[in-house]
Amino acid sequence: MEAPPLHDPARDLWIVPIRHHSPACAAHLERLLAAVAPKAVLIEGPLDFEPLIEQVCDPRTRAPVAIVALRDGARDSGNRRVVSYFPFCSHSPELIALQTAAAWGIPARLIDLPSTDPAMMPGGDEDTGARSLIGDETPFDVGDYVTALARELGCRDGNEVWDQLFESRIAEADWAGFFGDVGQYCACIRGAVSSDAMTRDGTLAREAQMRALIARHRAAIEGPIVVLVGGFHAAALIDPGCDKVVEPKPGAGRSYLVRYGMRQLDALAGYSAGLALPGFYERLWQARETGGKALALDIITGFAAHLRSTDLAPPSLPVVLNAVEQAERLAALRGRPFPARDDIIDAVRASFIKDEIPVGEVPLLAELRAWLTGSAIGDVPPSAGSPPLVEAVRDKARALGFTIADGERRTRELDIYRKPRHREASRLCHAMALIGSDFAQRTAGPDFRNDAGLDRLHEIWSVCWSPNVETRLIELSEVADTLTEALAAVLAEKLAKLSQQGRGRSAIAAIDLYAAACRAGLGEAADAVLDAVERHVLDDPELASLIAALTDLVLLRRSREVPAIADTTTLDRIMAAAWRRILVLLPELAYCGEDQLRPAIAALADLRGLIELARSSAAPLDLALFDEALARLGEAELDPMLAGAVTAFALTGGQIAPAALEQRLRGELASGYVEPADRLAFLGGVVTIARELLWTTPVIITALNDVVAGASEEAFVALLPHLRLALMPLDPRETDRLASEVADLIGADPNRLAVLVALPEDDFAANLALDRELHAILERDGLA
């Protein structure tokens, strides 16, 4: 492909092709601007962002920053807001152009489609992730032309090709030759992309807008104009065209200048423009005046110093110096004037790791990638006008000891029982998790919902203040000025969605939201959710859901000091309503179908756990009413397994004597059922509800032994799988105890029950290989 001309003398236009966030492009742009002395600069960027240029160029703005755009999602998309970014780092050519224009007092204009135009988001509203408004540069990495060129140059990927051809020239003086080569390179990449593909991804529509705005500004401004665009578009902008400008629609979207992070700029993390490991290119930009001569020394010694703050062993000084020497020699071997990114990574890998490098993740190399990515977050001036919600949460996070100055992920350990400030920090973490901000993930601590780990004094959180956090807060700022208001809005939205998701009558889903609101410290405002919770409880037709919901409420009430539930009046009323609802549904188990039998018995087992929890925590439930409901259920003609469960419940509650259980059990075991499973179904129900009866009611083991001992070999083989199923609730220790009890009963030696079988090493290895093969098959089929 022929390179597009850099200069159009007829219109006195300089079409400058760049790669976004390229230090070499930024450095040569500085030289071009100084030589051309333009009267205006036109930049590829959404037209509706022009009012924010002054904030971007404010001396108090410190990159990386981004303009974040919010627009309403399509009504049928299920996505209330669509979020997109236009980021700048210190070595973004766009930022250099804007800052230069501001310093020289010349106009700087944006010439792309408005951020709300459909062509700027070709994926549509079904793409709920935050997107970049800078063009997709995937063809620079995986296109046919780049792949062939990488093979020709001996490079491993498109990023190394770019470094080899262009970043290595950051210190050259010939800016015209540099941009001419960039234009040629990008024209070849464009030549490998079909016109249909460029229509689908919005490229052609965007280029029509750029041509129209170039023509508008050319007509209004005298003197040379520099047009700065992604190199992919440069060839399409030489022809003046006769396109019509697409103007921003008033009120179609909102945009803000926000702090951004180096990690969000990383191409390896999914960002569609720019270069991988942006922290490396930031250091290259800072070393541009020296031509990158000391770059390897600065990076490798800096990384070695960084390792001292981690759990990884830092290298000795001779190892560090050897790595620097290797990087420089690799660069010379590959024909580069200074070590590029891959030279430095290869040198560190070879020098810092002495053992054989495994196929999987290597902690030291993962740490190197993170360090070369960087964790810096920029800053914006007060004039950027962050919404009150953003400022309120920032202030609260700072006051509670959270670091928000960078995007580093940290571990925070909180003593939630003994330290009020830590309890407040925990509530902030829970609140930020509830609103979907990605600020904090809980990794350990007491689990009040599942009644587990309550002896743990600390919660452990993984926290990271990233630009995504502030973007979520900006989105919520349209309905809230405080975190409490934001929580209330999110809870109302989530409750409304329960009905849309087919869970409108699910008590457990509603209580999940209430519990989350309490943990987030919503306080009295959480009581507003209880009205909806009560409606869900009264409408819930599922016994299992109600039992789980009431269990959650009892646990929540018992630990009410931590989630800050001061007044339990409303909570107690809902618990009573849920309890009455459970007792109404309980007798209806008699009519459940065969396919619902096991879930029904599992619900009964959970109900027993709920009753024991209510007794131990003094929950305000009228447990005497349960005996009446259970008696009504027991009067019905029940399936044997359900009858066993009800009988076990009655025996543990003192409603019947052990003799009643013995009589029914012996009758079931000795009965003439056609199916062997039916003979053991009653026993299965008993064990599911109260397996401790095996030890407190010896007749169960005696009766079971009589059946097994009196069975023929054929009958025993038929009973065996169903016997295993009936005893499945037993854990390994209880299984051993049962075996010992039976051994004592028949006069056998319990010590001879366990037999060690020697397994040949070859058999063990073969079984391991078979296990791995089976796991791979399950993973392939999506079953692992």
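Numbered per this note's numbering, the sequence shown spans residues 2 to 785.
Glycine residues also receive a C-beta, built at the ideal position from the N, C-alpha and C atoms.
Alpha-carbon spacing of residue i relative to residue j, whole angstroms
i, j, result
"Gly505", "Asp142", "Caution applies to Gly505, whose pLDDT of 45 falls short of 50 and renders its modelled position unreliable; the value that the coordinates give is listed next. Near 47 Å, if we compare the C-alpha coordinates of Asp142 and Gly505."
"Asp787", "Val363", "The first residue shown for the chain is 2 and the last is 785, placing residue 787 beyond what the model contains."
"Ala348", "Phe167", "21 Å"
"Leu728", "Val688", "7 Å"
"Thr485", "Leu523", "6 Å"
"Ser93", "Arg157", "25 Å"
"Leu7", "Glu283", "27 Å"
"Asp541", "Thr483", "34 Å"
"Ala518", "Leu488", "8 Å"
"Leu556", "Ala398", "29 Å"
"Ile171", "Ala28", "6 Å"
"Ala333", "Phe339", "8 Å"
"Tyr418", "Ala288", "51 Å"
"Thr412", "Ala434", "15 Å"
"Thr571", "Ala649", "34 Å"
"Leu662", "Leu652", "8 Å"
"Asp737", "Ile701", "16 Å"
"Leu30", "Ser91", "13 Å"
"Leu551", "Val647", "21 Å"
"Gly711", "Ala671", "10 Å"
"Trp176", "Val320", "38 Å"
"Pro316", "Ala619", "60 Å"
Assigned secondary structure, residue i (DSSP; H/G/I helix, E/B strand, else coil)
i, result
"His459", "strand"
"Trp15", "strand"
"Ser317", "coil"
"Glu535", "helix"
"Ser116", "coil"
"Gly711", "coil"
"Arg260", "strand"
"Phe167", "coil"
"Pro699", "coil"
"His8", "strand"
"Glu127", "Note that Glu127 has pLDDT 45, beneath the 50 cutoff, so the model's placement of it is unreliable and the number below is only indicative. Note: Glu127 maps to coil in three-state DSSP."
"Ser789", "A question about residue 789 goes unanswered here, because the residues of the chain that appear run from 2 up to 785."
"Tyr674", "coil"
"Gly254", "strand"
"Ala651", "helix"
"Arg692", "coil"
"Phe403", "coil"
"Gly79", "The predicted model places Gly79 with a pLDDT of 46, which falls under 50 and marks its position as unreliable, so this point remains unresolved."
Nearest candidate by alpha-carbon position, reference residue i, set the options
i, options, result
"Thr62", "Leu99, Ser617, Glu31, Arg72", "Leu99"
"Leu624", "Leu611, Asp175, Glu735", "Leu611"
"Pro388", "Ala70, Ala149, Glu476, Cys189", "Glu476"
"Glu589", "Ser617, Asp396, Asp202, Arg633", "Arg633"
"Ile97", "Ala25, Trp372, Arg773", "Ala25"
"Leu14", "Ile215, Ala490, Pro730, Leu313", "Ile215"
"Ala604", "Gly711, Ala253, Ile690", "Ile690"
"Ala516", "Arg428, Pro225, Gln597, Thr444", "Arg428"
"Ser376", "Leu401, Arg410, Leu608, Val480", "Arg410"
"Arg342", "Asn160, Thr404, Ala351, Trp176", "Asn160"
"Tyr257", "Val381, Ala579, Val321", "Val381"
Terminal residues of the beta strand (DSSP E) in which residue i lies
i, result
"Leu624", "Where Leu624 is concerned, there is no enclosing beta strand (DSSP E), given that its DSSP letter is neither H nor E."
"Glu45", "41 to 47"
"Asp113", "109 to 113"
"Arg411", "411 to 416"
"Leu226", "One point to set straight first is that residue 226 is Ile, not Leu, in the sequence displayed. Start and end: 226 to 231."
Bounding residues of the alpha helix (DSSP H) (the contiguous stretch that carries residue i)
i, result
"Gln442", "Where Gln442 is concerned, there is no enclosing alpha helix (DSSP H), although the beta strand (DSSP E) it sits in stretches over 441 to 445."
"Gly668", "659 to 670"
"Leu611", "598 to 617"
"Val555", "544 to 559"
"Asp763", "762 to 781"
"Asn752", "Unbroken run through Asn752: none, as it is neither H nor E."
"His218", "204 to 221"
Nearest-angstrom Cβ-Cβ length linking residue i and residue j, presumed shorter than 8 Å
i, j, result
"Val183", "Pro18", "5 Å"
"Asp344", "Leu331", "4 Å"
"Val391", "Cys430", "In fact, because the Cβ distance is near 17 Å, the residues do not count as touching under 8 Å."
"Ala813", "Pro722", "It is not possible to answer for residue 813, since the shown part of the chain is limited to 2 through 785."
"Ile602", "Asp553", "Going by Cβ atoms, the distance from Ile602 to Asp553 rounds to 21 Å, so no, they are not a contact pair."
"Asp9", "Ile239", "6 Å"
"Leu514", "Lys495", "6 Å"
Residue-level contact to chain D via CB, residue i, 8 Å cutoff
i, result
"Ala288", "No chain D appears in this structure, which consists of one protein chain only."
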